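**Q**
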Amino acid sequence: MKTIITYGTFDILHRGHINLLRRARELGDRLIVGLSSDEFNAGKHKSSLLNYENRKYVLESIRYVDMVFAESTWDQKIGDILTYKADIFVMGDDWEGKFDSLKEHCEVIYLPRTQNISTTQIKAELEPSSL
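Mapping the sequence shown onto our numbering, position 112 (from 1) lands on 96, and the numbers just tick up by one.
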């Protein structure tokens, strides 16, 4: 069984997220997702419209996702790879090169982002000044 691991906030779920999860799952037999906790996001100066429990509930309902766990720190990834016996670490190519240090523990793949969609773009469109 080949296990794939990925991470993210997955706020305002959109087709780019679904494409990433689908393509990641196609690389193996099991996809597990480290979902950024609310506290971790706050530490990154990042806000979410939905809280952790809501984002987790939505992710768990996606057919490509087999398991969701909390991401609480940047440094937990090696431990997660070992704990979940991940064979492949996947992130969007906007993170290209940032996780190459994990290559000694598993294969690292950066998947191309879906064009013309992002959470940042959606949030900007929701701002009152853009309506």
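For glycine and all other residues, C-beta sits at the position ideal for the given N, C-alpha and C. Just so it is clear, the structure is predicted and the values come from calculations on it, not from any experiment.
Check this for me: beta carbons of M51 and T(-10), under 8 Å apart or not?
**A** Counting from 1 along the sequence shown, the entry for residue 51 is found at position 67. Counting from 1 along the sequence shown, the entry for residue -10 is found at position 6. A distance of 8 Å or more separates the beta carbons of M51 and T(-10).
**Q** Please report the straight-line C-alpha distance between T67 and K87, rounded to a whole angstrom.
**A** The count along the sequence shown starts at 1 and reaches residue 67 at position 83. The count along the sequence shown starts at 1 and reaches residue 87 at position 103. Spanning the two alpha carbons is a distance of roughly 16 Å.
**Q** Which same chain residues end up closer than 8 Å to N35 when comparing Cβ atoms and leaving out the 5 residues on each side of it in sequence?
**A** Along the sequence shown, one-based indexing puts residue 35 at 51. If we look at N35 and ignore the five residues flanking it on each side, its Cβ neighbours are D22.
**Q** Below 8 Å between beta carbons: does that hold for T(-13) and K40?
**A** Residue -13 sits at position 3 when you count from the first residue of the sequence shown. Residue 40 sits at position 56 when you count from the first residue of the sequence shown. Taking 8 Å as the Cβ cut-off, T(-13) and K40 do not qualify as a contacting pair.
**Q** By alpha-carbon positions, which one of Q99, F53, L95 ends up nearest to E10?
**A** Counting from 1 along the sequence shown, the entry for residue 10 is found at position 26. With distances taken between Cα atoms, E10 lies closest to L95.
**Q** Whole-angstrom Cβ separation of T(-7) and K30, contact assumed at under 8 Å?
**A** Position 9 of the sequence shown, counted from the first residue, corresponds to residue -7. Position 46 of the sequence shown, counted from the first residue, corresponds to residue 30. Indeed, because the Cβ distance is near 7 Å, the residues count as touching under 8 Å.
**Q** Spatial neighbours of D77 within its chain, please: C-beta separation below 7 Å, excluding the five flanking residues on both sides.
**A** As a working note, residue 77 is residue 93 in the sequence shown. Once the five neighbours on either side are set aside, the close Cβ partners of D77 are Y94, L95, P96, R97.
**Q** Run the CB neighbour count on L5, radius 10 Å, all protein chains shown included, and call it buried at 16 or more, exposed below.
**A** Residue numbering aside, residue 5 sits at position 21 when the sequence shown is read from its first letter. Buried, because 16 or more other Cβ atoms sit within 10 Å of the Cβ of L5.
**Q** If we require 3 or more residues per run, which beta strand (DSSP E) segments fall completely within the segment 44 to 86?
**A** 51 to 55, 72 to 76
**Q** Checking 8 Å against the spacing of the C-beta atoms, do A8 and L15 come in under that value?
**A** As a working note, residue 8 is residue 24 in the sequence shown. As a working note, residue 15 is residue 31 in the sequence shown. Taking 8 Å as the Cβ cut-off, A8 and L15 qualify as a contacting pair.
**Q** For a quick check, are the C-beta atoms of E91 and I72 less than 8 Å apart?
**A** On the sequence shown, residue 91 is found 107 positions in, with the first residue counted as 1. On the sequence shown, residue 72 is found 88 positions in, with the first residue counted as 1. Yes.
**Q** If G18 sits next to D84, beta carbons under 8 Å apart, how far is it from one beta carbon to the other, in whole angstroms?
**A** On the sequence shown, residue 18 is found 34 positions in, with the first residue counted as 1. On the sequence shown, residue 84 is found 100 positions in, with the first residue counted as 1. G18 to D84, Cβ: 18 Å. No contact.
**Q** For L95, which of helix, strand or coil comes out of DSSP?
**A** Here residue 95 refers to the residue found at position 111 when the sequence shown is read from its first residue. Here L95 sits in strand by DSSP.
**Q** By how many angstroms is the C-alpha of I2 removed from the C-alpha of R47?
**A** As a working mapping, residue 47 is identified with position 63 in the sequence shown. As a working mapping, residue 2 is identified with position 18 in the sequence shown. The alpha-carbon atoms of R47 and I2 are separated by roughly 10 Å.
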